[in-house]
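> The numbering used here numbers the first residue of the sequence shown as 1145 and each following residue consecutively.
Backbone N, C-alpha and C define an ideal beta-carbon position, used for all residues, glycine too.
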Amino acid sequence: MEAVLLFPAILLIVTALLMVGLLLYAKMGLYQQAVLTADRTAAHWGNAAKDPVTGAFWVGSRDGLYDRLLGGRTSGMGWMGGSGASITLPEQTGSTASGAAAKLSRGASLLPPGVTGTFRFHNRLLLPVVELDTAADNRRLSLLTSRFAAPSLEAKATSWITDPVETIRLTDLLRTFVGSWTEKWKSEQVQAAVASEEPRQQLVIASEKEASEYIRKLTGGKKTTFPTETVGEARIIDSLDSDGVAHEAKYTVNQKNAREQIAKDMELVRKGVVKGVVWHFFRHQKNGQTGLTASLKKELEKNGIVIVIHN
């Protein structure tokens, strides 16, 4: 009794699995055909003379120079995303398609008989694409599959149309255009910045005190006094910056005092109190002279003191 009930159940399960397998096989077969058709159509899109399967063509047979730009579009601005082209499967006998529709028709000839659907071409900005929606009758399968499954099998495939030469040209065009536009934009920004820049007030130093204050502001240092042994008792530094460099401001120059200050500066450098010395000379408002004579300049350079002349 148990065997009588068990065997029909096993038979039904096996039969159902076979039907499901046949259904999946048919669906995968339809999907494989759709993908293959879309890929071949996209791969051979650049030349209508190519064989739809092998891609072979006679030398000299090619599309027009602007076919990719205007061929088969229903919009004059198809290159900016026009409506493209579309055909219905199966095609009517004796149809005379041209342009993009003819390429779609040639690609659709690879599909097996009985397949219905729509084959479309879209030019999405600079990325053209072909889309294939297919359907096949499912009633040829067993009664079990037809009852519990959809009456037709459906598959969809999409393939982008690419052209290495066109990609290189577009890349070079964009790179050149963007580069030139960027340079132009930078130039305009610089000119605008220069035009909006207010003329700076000319620096006017009229005394030794103003020169010392300007040097302290310029270097961010402080007025400092160090004891000395070589000459005198101390050396007053107009500005000692954070790096340990001594800055001396000169508006009027007493040659004797200047040489004594050089000796004091060298003593501070030898002791390591300061790391370096810079003398700043300012032009006198009346005569325009800095007070830096040739002999004083030679003495400063001999002792390694940096000379800066402010105009």
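Pull up the distance between the alpha-carbon of HIS1454 and that of TRP1329, whole angstroms please.
The residue given as residue 1454 occupies position 310 in the sequence shown. The residue given as residue 1329 occupies position 185 in the sequence shown. Rounded to whole angstroms, HIS1454 to TRP1329 spans 36 Å at the Cα level.
> Which runs of the beta strand (DSSP E) at least 3 residues long sit entirely within the segment 1399-1454? Give them in chain order.
List check, beta strand (DSSP E) in window: 1420-1426 and 1450-1454.
> Under a Cβ-count criterion, where at least 16 other Cβ atoms within 10 Å of its own Cβ denotes burial, should SER1253 be classed as buried or exposed?
Along the sequence shown, one-based indexing puts residue 1253 at 109. Exposed.
> Who does THR1262 pair with in a DSSP beta bridge?
As a first step, residue 1262 is located in the sequence shown; it is residue number 118 there, counting from the start. Answer is THR1232 and ASP1277, bridged to THR1262.
> Should LEU1384 go down as buried or exposed, given a rule of 16 or more other Cβ atoms within 10 Å for buried?
Taking the first residue of the sequence shown as 1, we reach residue 1384 at position 240. Under this definition LEU1384 is a buried residue.
> Would you mind sorting ALA1336 into buried or exposed? The rule is 16 or more other CB atoms within 10 Å of its CB.
Within the sequence shown, the letter at position 192 stands for residue 1336. Flag for ALA1336 reads exposed.
> Between which two residues does the alpha helix (DSSP H) containing PRO1359 stretch?
As a working mapping, residue 1359 is identified with position 215 in the sequence shown. Looking at the sequence provided, one finds Ile at residue 1359 rather than Pro. ILE1359 -> alpha helix (DSSP H) spans 1352-1363.
> For LEU1162, which three-state DSSP category applies?
Taking the first residue of the sequence shown as 1, we reach residue 1162 at position 18. Three-state result, LEU1162: helix.
> When the Cα atoms are used, what is the spatial distance from LEU1314 to ILE1305?
As a working mapping, residue 1314 is identified with position 170 in the sequence shown. As a working mapping, residue 1305 is identified with position 161 in the sequence shown. Distance between the alpha carbons of LEU1314 and ILE1305 is about 14 Å.
> Rounded C-beta distance between LYS1247 and TRP1202? I'm assuming under 8 Å.
The count along the sequence shown starts at 1 and reaches residue 1247 at position 103. The count along the sequence shown starts at 1 and reaches residue 1202 at position 58. No, LYS1247 and TRP1202 are not in contact; Cβ-Cβ is about 17 Å, not under 8 Å.
> Judging by CA-CA distance, which residue of ASN1398, GLU1352, VAL1417 and ALA1229 is the nearest neighbour of LEU1436?
Reading the sequence shown from its first residue, position 292 is the one you call residue 1436. Nearest C-alpha to LEU1436: ASN1398.
> List the endpoints of the continuous alpha helix (DSSP H) containing LEU1254.
For this step, residue 1254 is matched to residue 110 along the sequence shown. Taken as a continuous stretch (DSSP letters only), LEU1254 belongs to no alpha helix (DSSP H), as it is neither H nor E.
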